[in-house]
Amino acid sequence: MPAKPDVQLEKCLDDATRKNNFLSLEQFLQKESNDGIAHKCSKQFFNKLDKLICRELDKKEVKNVSTLLNSLQKFGKNISIQGEDGIPAMIKYGLVEKMVNWFEKAKEILIYKGNEKNEVLESLIEDFFDVLMIVHDTNTEGFEEYHQAKVFFSQDGIQL
């Protein structure tokens, strides 16, 4: 029996974690509209997402990280974590600090790849900035976090 649409996002995340299978999340991203469905997620959702992104970055699985960031971008405004709006709740739980950690790991991959043209890496960086803009647009706390991240990224020569 398929998962109810309101809990399917976290189920796809669990499949990716346990089975190292991102296909269900990719398919969910392609077919699911982000309108009207509140994606009910457990209190552990944010930690699961963080651990999975870190794991995939450590394995240099850039495409999987982009898929995870795209899910956050597409469904973030409709995520509900124990009744709280997803992005504001995740900001409260340390989203921007986690993103800085993710970006540090991604930066290591970029340095390792050197000047090699790589569309997947370019897409990853764009996905980071897209999520950062959602944080920026969410609330004033996100706006302050955005400026902190902007300072961090500019130290690495990246202009926002």
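For the sequence shown, this note's numbering gives the first residue as 58, with consecutive numbering after it. We put the CB at the ideal spot given by N, CA and C, even for glycine. As the structure is a prediction and not an experimental result, all values here were calculated from the model.
Exercise for the section: For LYS120, decide whether its Cβ has a neighbour in chain D, counting only Cβ atoms nearer than 7 Å. Expected result: Although the question refers to chain D, the structure presented lacks it and comprises just one protein chain.
Practice task
Measure the Cβ-Cβ separation of CYS69 and LEU82 and say whether it is below 7 Å.
Solution key: yes
Handout entry: Sub-7 Å separation of GLU67 and PHE102 beta-carbons
Key = yes
Handout entry: Cβ distance (whole Å) where GLY151 is taken to contact ILE144 below 8 Å
Key = About 13 Å; that fails the 8 Å criterion.
Problem - Whole-number beta carbon distance between ASN135 and ALA95, since they are thought to touch under 8 Å - result: 6 Å
Practice task
Measuring alpha carbon to alpha carbon, tell me which of ILE110, LYS174, GLU173 ends up nearest VAL157.
Solution key: ILE110
Practice task
Compare the C-alpha of GLN130 against each of GLN65, ASP71, PHE186 and name the closest.
Solution key: PHE186
Exercise for the section: Go through its chain and collect everything with a Cβ distance to GLY199's Cβ below 6 Å, but skip five positions before and after it. Expected result: Only weak support exists for where GLY199 lies, its pLDDT of 46 falling under 50; the coordinates are left without a value.
Problem - MET58 in three-state terms, based on DSSP - result: In this predicted model, MET58 has a pLDDT of only 42, less than 50, meaning its place in the structure is not dependable; the value taken from the coordinates is given anyway. Three-state DSSP puts MET58 in coil, outside helix and strand.
Exercise for the section: Pull up the distance between the alpha-carbon of ASN223 and that of GLU183, whole angstroms please. Expected result: With the chain running from 58 to 217 in the structure shown, residue 223 is simply not present.
Practice task
Inspect the beta-carbon positions of VAL122 and VAL177 and report whether they are closer than 7 Å.
Solution key: no
Exercise for the section: Find out if the Cβ-Cβ distance for the pair LYS97, SER128 is shorter than 7 Å. Expected result: no
Handout entry: Reduced DSSP category for SER219 - H, G, I as helix; E, B as strand; rest coil
Key = Here the chain comprises residues numbered 58 to 217, so residue 219 is not present and cannot be evaluated.
Handout entry: Euclidean distance between Cα positions of GLU89 and LEU125
Key = 15 Å
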